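Report on one structure; see the data block that follows.
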Amino acid sequence: MTGRARLVGRLTGLFQHAVKNSRPFHASRDLQSTAGKGHSLLRGSRPRRSFFYVPAHKTSYIKKALGSNADCIVLDLEDGVAESEKETARQNIRDLLQRLSHEGYHKGENHAAELCVRINHEGWIEADAWGDLKSPQAPSTALDKDLDLLTNSPDDISNVNNVVSGKRLVNHGDSSASDNQPVIALFETPRAIMNVGDFMKSKSPMVAIVFAAEDYAASTGIPRMEGLMNMLFARSAVVNLCKALGIPPIDMVCQAIRDTTVLERECLNALEMGFEGKQVVHPDQIEIVNRNFSPAKDDLDYSVRVLVARKQQQRAGAIEFEGKMVDMPVFRKAEDISFETGPRGSDYTIARGSLKHSVARMRHAFKEITDGIKQRANERLHNSPGSGGQSSARRPFQAYFAANGDLLAQAQERDVLAYRYHHGTNLGAIFVAERWLFGNLFADGATGDSELDAVKSQVSKHGVDTARTNFEAFWATVMTTQDWEYLANTANVTTVRLPIGYFTLGADFCRNTPFERYAAVYANAWTFVKQFVTTAASYGIGTLIDLHALPGGANGDSHSGTSSGKAELWNSARNLNLALECAKFIARETSSMPSVVGLQLVNEAIWQAPGMYQFYDSVIDALHPINPRLVVYISDAWDVSTALRYSITRNAQLLSSSCPVVVDTHKYYCFAEEDKKLNPWQIIDKVALSEVDTVAGQGAGVIVGEYSCVMDGRSWGNIQGDQRKDLATKFGQKQIARWQKSSGGSFFWTYKMAWMPGGEWGFKEQTTNGALPAGSLASAKESAVRDALARAQGSREALKRASFDQHVNYWNGVAPGQPFEHFRFQDGWDIGFGDALIFFTYRLNNGVKRAGADRIGMLDVWAKRRELEYEESLTMRANGYELDKTYFWEFGHGLRAGIRDFEQAVGFESG
């Protein structure tokens, strides 16, 4: 290894949207607040006690690291990875970033950790490979080349920044041109140590320096001695440089991974020298390192006492305290031990020791802090008419740990596609045959109307190979380019519902079922399903995968896969287990496909299906570890009220143990005897979804998975002349208006059939007739979307003030004197307005080349998720303090108000 300061590039700076609770080092602000401090807990910097190296070529290592309590997880592409494994390691990092950006962290993963990557200095990466890293909005797909940079001065860091920003490499002595991309530097050579003066004078955006003892020893030719005295000069140089810059120094690795006494001794030595953290190469070392580099309780209590005494004595200089004279250096050290950066940055801080013991102590001891908090409290609580003049000191921890724009992660692409309003249609009978829609799939002699009858007739007449060819040709050609363009650009469809069967998943799922003899026909069926998903996504259309045909049948109709006339799923453990395995397979296969907006477990379960909700529980419990963000759709079994209550129960657990749950209800007005007796006007008047209104705001989700413009012949018999087309159009318009108001989306049955355009069953014909308007939002031109966005952003503060005043005045009038926490309403409003904006601008910001914009459709489920995330985030930040959640409901009210205000400001009709 040549002499150099090797670089660790911070992924948190590049991918803030994927790594929660990370804040890039802000040089002008943080150096001002930390320069000259002498203790390890520098105000304005994040803790980096444990600096855990993880060779990135092993996914199992990465998984274990993400489950650790390390402050900083370093994905190693350098010494820990052989040259032959480097491409695998880079791909693993790309995969991780992709997963984090689309799905976030999984249950049990340490989302508070800082993620970094350690890179090779020699020949690691060229500028053209950094294109995707310029913007923090997209994870890198280009970490696949090497960087060839100068290495012995601050220019090394500048060069990394310039490569990220696409600039040329700077010459020595010209480091001022660099962008401030945060970097962690590894000092491991004499040359790097001797250049500390250059680092001091430069503007290099370092956020920490790591002393790498093994390479330093190798480059100087010295052994690593017990006591480490022969590295004293180098380590002291690193510590002094870091203290001068106000950034944390990180000490060497302890090689004795099994001997905890050696590790304890090295930690003590590092603390005595001024190091603030230690490199770790084994997970068993993390707890010891974290404990040693955290303030001891005695130190914390002493610091609080000395600061209280200083304030009580009203002295600027030295004071007598507990029998000793103490002065400014002691005060500074006490401040560093006692303070943590608050969620708003270094503008105000929290004395965690005094919070634990008494509010009064904090108020007397830290006047400069409470003054800053009072200013914020005045802005948020006192300036509004009717605010009630609440005191911000009533519940200090609660009041000061308010949310901000960084408290909750922004909505990702998967979120927008899953939770936006779904204006959709079914692609029915393509993968689960129905003879009345596609009779051409049934060979001569077919005796029934189901998929099994179709494949049986094809194999009987042509043999397995030809039958497979015929089915695959149908799947490949049934949806044309013109069809997709029509759905996207004329009908303004956002999502399609794609019914499939268990047999569609391949031969393994056909064993011991009626499809076993014909399994070879479905060898490639799942590949065709994935191609449907990919093609739809290319047109900006999401896909809801619907397990329409389950083993044994969820109902006795032929669209369940067979013509048995029986619903044999519910009383068969074998069938239920196979259905569970189908769902798990789909969840795994689609976990990296954000355009899959959800998985429907059952289609049209029979009324009061025995054990149905227990089955739902078992499947959701199994899916949650695979993909906790996967939206699971359930059949209401023709009892939407009960299903909605189940949805509420599951969605209350959606961060801890449940996937989001949405109810699928079907609305037909042509099958029930009571509907056949009604005339068309009576049926139009009957359209309703009132069950949803009774559970509004409780976290339930519902879509209308199937509906049509069809009425029974007896109903049409009540009209005269040519009224039918007009009445069918009005029927569709009444339905779509109701679904848009009360549900998260709707899917017309159906789009494609052998007899296009499909009459009153045909989505295309009814769209052409004007029966199924998507709304002005769905078809708005880009210029109109941009104008509306500017209008909403320009009125943001006025809207926020109006909503806040209305909220405060109402509740202070209803319950005068109650100690509300109205700032939580403002926190929620900010999040809600921002969420609505992200949904609205999704197409603009993601290169979706089609008209229109999106709105939040699954509002109650989305709001429930945000409320739970808010609670989880504050609980995590509380660091063991008990939270009073009495007024957390104000966050939810504010969230909904922010969403509402944005949508009203942009001014489009919902759709």
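The C-terminal position of the sequence shown is numbered 911 in UniProt numbering, with every residue numbered one higher than the one before it. We put the beta carbon where it would ideally sit given N, CA and C, even for glycine. Source: prediction; values computed, not measured.
If you look at A622, you'll find it in the alpha helix (DSSP H) that goes 612 to 626. In chain order, V687, A688, L689 place their CB closer than 8 Å to the CB of R738, counting only its own chain and leaving out the 5 sequence neighbours on each side. Between the beta-carbon of Q826 and that of G762 there is about 49 Å, and that puts the pair past the 8 Å contact cut.
The beta-bridge partner set that DSSP reports for M325 consists of E320. Contact between the stretch 763 to 776 and the stretch 812 to 820 is not established, with fewer than three Cβ pairs separated by less than 8 Å. Between the alpha carbons of L799 and Q698 lies a gap of roughly 25 Å. Collapsing the DSSP output to three states places A549 in a strand.
The shortest CA-to-CA distance from V692 to any of E226, Q412, P680, I648 is the one to I648.
In this structure, DSSP gives Q826 a helical state, which the three-state scheme calls helix. Measuring C-alpha to C-alpha distances from L75 to each of S743, T469, R94 identifies R94 as the nearest. Judged by their CB atoms, P499 and L452 are not nearer to each other than the 7 Å cut-off. Taken in chain order, the unbroken stretches of alpha helix (DSSP H) that lie wholly in the stretch 654 to 678 and span 4 residues or more are 673 to 676.
For V704 against T729, the beta-carbon gap comes to about 18 Å, at or over 8 Å, which does not count as contact. Counting along the chain, M194 sits inside the alpha helix (DSSP H) bounded by residues 190 to 194. Exclusion of the five residues before and after A643 leaves D636, V663 as the residues of its chain whose Cβ lies within less than 6 Å of its Cβ.
Collapsing the DSSP output to three states places G813 in a helix.
Counting along the chain, no alpha helix (DSSP H) covers V687, and no H or E run does either. Between the C-alpha atoms of M229 and M206 there is a straight-line separation of about 27 Å. Taking C-alpha positions only, R866 is separated from G832 by approximately 9 Å.
K107 sits in coil when the DSSP states are folded into three classes, being neither helix nor strand. Pairing A792 with K741, the inter-Cα distance amounts to about 22 Å. For H422, the enclosing beta strand (DSSP E) stretches over residues 422 to 426. For I606, same chain residues with a beta-carbon under 6 Å away, outside a window of 5 residues either side, are N555, A567 in chain order. Of the other Cβ atoms in all chains shown, 16 or more fall within 10 Å of the Cβ of P248; this residue is therefore buried. Cβ neighbours of V416 within its own chain (closer than 6 Å, five residues either side excluded): F839, Y842.
Under DSSP, the beta-bridge partners assigned to P499 are D546. In the structure shown, the three-state DSSP call for M225 is coil.
Following the DSSP letters along the chain, one finds D76 inside the beta strand (DSSP E) bounded by residues 72 to 76.
Under the DSSP assignment, L487 falls outside any alpha helix (DSSP H); it carries neither an H nor an E label. Between the stretch 864 to 883 and the stretch 712 to 719, the count of Cβ pairs shorter than 8 Å is below three; the stretches do not touch.
With a 10 Å radius around the Cβ and a threshold of 16 neighbouring Cβ atoms, F233 comes out exposed.
For a cut-off of 8 Å, the C-beta gap from R650 to I626 is around 16 Å, too long to register as a contact. For G770, the CB contacts under 6 Å within the same chain, skipping 5 residues up- and downstream, are T729 in chain order. C-alpha of V496 to C-alpha of I545: approximately 9 Å in a straight line.
Straight-line spacing of the CA atoms in F321 and Q285 works out to 38 Å. G540 and E882 have their C-alpha atoms roughly 45 Å apart.
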